[in-house]
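Below is one structure; the comments refer to it alone.
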Amino acid sequence: MKIALMDSGIGLLAAAAAVRRLRPDAALVLSSDPDGMPWGPRTPDDLTTRALAVARAAAAHRPDALIVACNTASVHTLPALRAELEPAIPVIGTVPAIKPAAAGGGAVAIWATPATTGSPYQRGLIRDFAGSADVTEVPCPGLADAVQHADEDAIDRAVAAAAALTPTDVRAVVLGCTHYELVAERIRTAVQPAGRPPVELYGSADAVAAQALRRIGALPQPSATPATDVTVLLSGRRAELPHAALTYAEGRLLGAAAPTR
């Protein structure tokens, strides 16, 4: 079994680690676009061109499925990716986990990139899936870039700025960018008011990993013998796992099998 994942950068690590936990025996292809990131500010046409290039690089390795581990790419490019790759390669998109986060009602915050915050796409998800929950959209300028480069000071500043915009009574925070899942515990600490019940964080990595297995008819086998096949593609070039990836637990989980630099 081989699962490919694509993103602008190392945000794909969270979903890749989720796949590795469910099916340790799956070979992985990690295809990202450091030459073109960030994708958020790009026009839909430009983004689609770059996403197709990243997907084609992954598809050349003949995966059984492709996970689009990027919220921005999932919003703008899924139809084009599916038109080119399916049915030969199932394409699984990433959607913010608004529905499960809002299921308990109360106050919910959605942390997302400035381009996604307030967008018709996100407002539509809130309308369709938030129910009676009181939802606050929180823009997080600079956070994805800071995570991408493992810039600790920049991460701290971006998380603190977003936390300051997050109501103190939130019960749940939706992580609306895959990069944010790599610093989930730092976000949890920043938004947790003293003396209140723990704030729940909702990412998408586990859900998209499980969906990828369902699409190819594979069952989770967490005890399977781990594979050692991890292919890293940076803007189409065969490469090593970026050093910044190893600063995160998800990257270290994959790093035992992937070449590093």
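The sequence shown begins at 741 in this note's numbering and counts up by one. Even for Gly, the Cβ is constructed at its ideal location relative to N, Cα and C.
Looking at the DSSP output, M746 bridges to S771, V808. Here DSSP, grouped into helix, strand and coil, assigns R763 to coil. Excluding sequence positions up to five before and after P781, its CB lies within less than 8 Å of the CB of A855, all in the same chain and listed in chain order. Contact between the stretch 878 to 892 and the stretch 919 to 931 is established, with three or more Cβ pairs separated by less than 8 Å. Across the structure, D874 and G864 are spaced so that their CA atoms are roughly 15 Å apart.
Rounded to the nearest whole angstrom, the C-alpha separation of G776 and G749 is 9 Å. Counting every other CB atom within 10 Å of its CB across the protein chains shown gives S872 a total below 16, marking it as exposed.
CA-to-CA, the gap between A828 and L745 works out to about 16 Å. Put simply, of D893, S772, A924, R928 the residue whose alpha carbon is nearest the alpha carbon of V910 is R928. E877 counts as buried, since at least 16 other C-beta atoms from the protein chains shown sit within 10 angstroms of its C-beta. Distance from the CA atom of P819 to the CA atom of A791, rounded to whole angstroms, is 11 Å.
With contacts defined as CB atoms closer than 8 Å, I807 and I838 fail to qualify as a contacting pair. In the structure shown, E877 adopts extended strand secondary structure according to DSSP, grouped into three states.
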